[in-house]
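Each remark here refers to the structure printed beneath this line.
Quick look at the structure:
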């Protein structure tokens, strides 16, 4: 089970998974790493921790090439006399970029330091170089719906006695370097952090959802949007399109192309001259290089414009002029100079801390679900592929109340679709899939089929959708929609592309989000596949019963071996297949074996025989090309015809368990039908009131699942 920690200074309890722990989303390389346990063991043995899951070797730095130069892994005590995790607290000026191209990460880290509640969630304050030092530190990151605790040792890559990657301006402060190492471990290597967007890291630090705004297409009220985001403690960054021929080129105005900056304040500043008095919108921006590369225009350090505001206003702004990478810029110049803004909106949990709620009572409402695209199952591709688009997972959202300040009676909705674990799989050649989503209005939600079928999408257009399908970790978009019921369809662009995803929906007012799918259960099979009592059928039926009697012997019962012989005799005459496996015959016996004798009597066999003939008819109906196998794309429809109702989760499990290269043979189809019927009926026996809840002891559950 995940453990919880409580920060007394914020009275906030958060559930955190250890790295490699079941449920954390990560496979353990060795034992599950527990920071406190490791620290205590090292203190007891008098040794310093050496992390075998992220060793001090070249492959922890680069996965595609060898390290250039003489890289040495050193502990902070080998680099300075008095190492500290923090020197006079953590500030945005502690973050200086090294040789790695991860300015996007640095921009997010600088933003994180602006909020103590968020910062100490990521960098726990139960560790130091002074008290209980054992060479081990830990950091916490949000990963696809859960917080994960990452343990690292304090051996850091150096060259000529200097840190190679992220570091602080104070040579004895190491929180930023260790944070970067933990983030690199999370993704497999330092190289995995090369190239990215600041919103990705901002989400991993907060659990929020990000939006990307192209400033040439920004809404008319964009400054108001920025100001509201700042008041809600959103993390924000900005950037300028890169020059294709020059990496991070400096422009005459002092700004750097292709570089990520942090927006650290949004403020209306009182300006006073002899003739005019009023407010001007300003933004405070920081270059994570932390040097003299700053904006040189109006409102830059020591520019004439600063004479227009009072000393009191300067003090309130915390104004400081230094070659530290931070500068002020007017909103007008900002819009003319930058090309893109990324905003990370904090989820409701992030705003539960007391210091935040005192200053900002408004919180986003959030719904979240995880899902998967599985080839030949739930990977239907975008709407261009209308024959398979409906196969994608579907999610329903109910919007009931309009925004407080909306004159058009509309609801703000932010939809974020995030694909999982692509960065850490880069070394295996996995890049981000091209993903997007579409939103459909359900005019009569109570009468609509679940899930929405192909015919719905043939006759209905989306009311909202992602701006584009793109190969980023997350695609998000903000909409204004009237109250109502909607269905969101997340998908890859091409059908058949496999991956896991998280879908989140943020609204200003409460939303109700559910999976839009069938309830699991049993109904009558379609009439077309039910057994017709013709004379021919009666003759075949009697022939099988006579064969059963000849095999059963004196006790008139058969075991799984004898059942296999009977069924092969019965079906091979009219149906070409390799015969039933012993496993499926064992499961058939278990399904019908009420008295747990391990055998079937004649009456039990008669009931089973009706089911088998029905399932055979279903299989033949959907084996259109008479190949002796079904395409797994048709599995849901086939099982539906046989009387089964199942959702995407069960369908995915069946395809993964029984499908082979997109096909499922007759024997495995029958096994699907047998297993489903057994498990559903076993559950329903314990749930006579249909509450969708049943209780089993461990002994009962193991016995029933193992026998079936």
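Numbering (full-length UniProt numbering), first residue to last: 1 to 708.
Ideal placement from N, C-alpha and C gives every residue a C-beta, glycine not left out.
Computed from a predicted model, the values in this text were never measured in an experiment.
Which class does residue i belong to by DSSP, given the choice of helix, strand or coil?
| i | result |
| --- | --- |
| residue 73 | strand |
| residue 461 | coil |
| residue 438 | strand |
| residue 520 | coil |
| residue 646 | coil |
| residue 157 | strand |
| residue 202 | helix |
| residue 704 | helix |
| residue 249 | coil |
| residue 18 | strand |
| residue 693 | coil |
| residue 354 | Residue confidence for residue 354 is low, a pLDDT of 41 falling below 50, so the modelled location carries little weight; the figure read from the coordinates is stated next. Three-state result, residue 354: helix. |
| residue 167 | strand |
| residue 183 | helix |
| residue 42 | helix |
| residue 500 | strand |
| residue 688 | coil |
| residue 360 | Confidence at residue 360 is low in this model, with a pLDDT of 47, below 50, so its placement is unreliable and the value that follows should be read with caution. Three-state DSSP puts residue 360 in coil, outside helix and strand. |
| residue 660 | strand |
| residue 374 | coil |
| residue 173 | strand |
Work out the CA separation of residue j and residue i for me, nearest whole Å.
| i | j | result |
| --- | --- | --- |
| residue 596 | residue 59 | 56 Å |
| residue 307 | residue 298 | 12 Å |
| residue 567 | residue 607 | 14 Å |
| residue 327 | residue 287 | 8 Å |
| residue 179 | residue 232 | 25 Å |
| residue 134 | residue 205 | 25 Å |
| residue 75 | residue 47 | 13 Å |
| residue 274 | residue 319 | 23 Å |
| residue 496 | residue 385 | 11 Å |
| residue 281 | residue 229 | 15 Å |
| residue 579 | residue 605 | 18 Å |
| residue 209 | residue 433 | 19 Å |
| residue 633 | residue 207 | 35 Å |
| residue 520 | residue 698 | 23 Å |
| residue 705 | residue 683 | 11 Å |
| residue 657 | residue 707 | 18 Å |
| residue 378 | residue 649 | 10 Å |
| residue 560 | residue 369 | 42 Å |
| residue 184 | residue 193 | 7 Å |
| residue 23 | residue 371 | 15 Å |
| residue 503 | residue 631 | 28 Å |
| residue 693 | residue 703 | 19 Å |
| residue 243 | residue 195 | 15 Å |
| residue 481 | residue 512 | 15 Å |
| residue 86 | residue 141 | 19 Å |
Alpha helix (DSSP H) containing residue i: first to last residue?
| i | result |
| --- | --- |
| residue 590 | 582 to 592 |
| residue 609 | 602 to 622 |
| residue 120 | 116 to 122 |
| residue 636 | 635 to 641 |
| residue 214 | Element bounds for residue 214: not the alpha helix (DSSP H) but the beta strand (DSSP E), 209 to 214. |
What does DSSP give as the partner residue(s) for residue i in the beta ladder?
| i | result |
| --- | --- |
| residue 489 | 438 |
| residue 514 | 396 |
| residue 143 | 146 |
| residue 386 | DSSP lists no partner for residue 386. |
| residue 272 | 277 |
| residue 737 | Since the first and last residues shown for the chain are 1 and 708, residue 737 lies out of range. |
| residue 261 | 238 |
| residue 267 | 282 |
| residue 484 | 399 |
Output the boundary residues of the beta strand (DSSP E) element that contains residue i.
| i | result |
| --- | --- |
| residue 414 | 411 to 419 |
| residue 151 | 146 to 153 |
| residue 476 | 474 to 481 |
| residue 328 | 326 to 330 |
| residue 109 | Note, residue 109: premise wrong, no beta strand (DSSP E); alpha helix (DSSP H) at 103 to 112. |
| residue 236 | 235 to 239 |
| residue 664 | 663 to 665 |
| residue 630 | 629 to 631 |
| residue 560 | Run containing residue 560: none in the beta strand (DSSP E); it sits in the alpha helix (DSSP H), 560 to 571. |
Roughly how far, in whole angstroms, is the beta-carbon of residue i from the beta-carbon of residue j, given that I think they are within contact range, below 8 Å?
| i | j | result |
| --- | --- | --- |
| residue 262 | residue 285 | 7 Å |
| residue 136 | residue 39 | 5 Å |
| residue 255 | residue 266 | In fact, because the Cβ distance is near 18 Å, the residues do not count as touching under 8 Å. |
| residue 501 | residue 419 | 5 Å |
| residue 414 | residue 506 | 4 Å |
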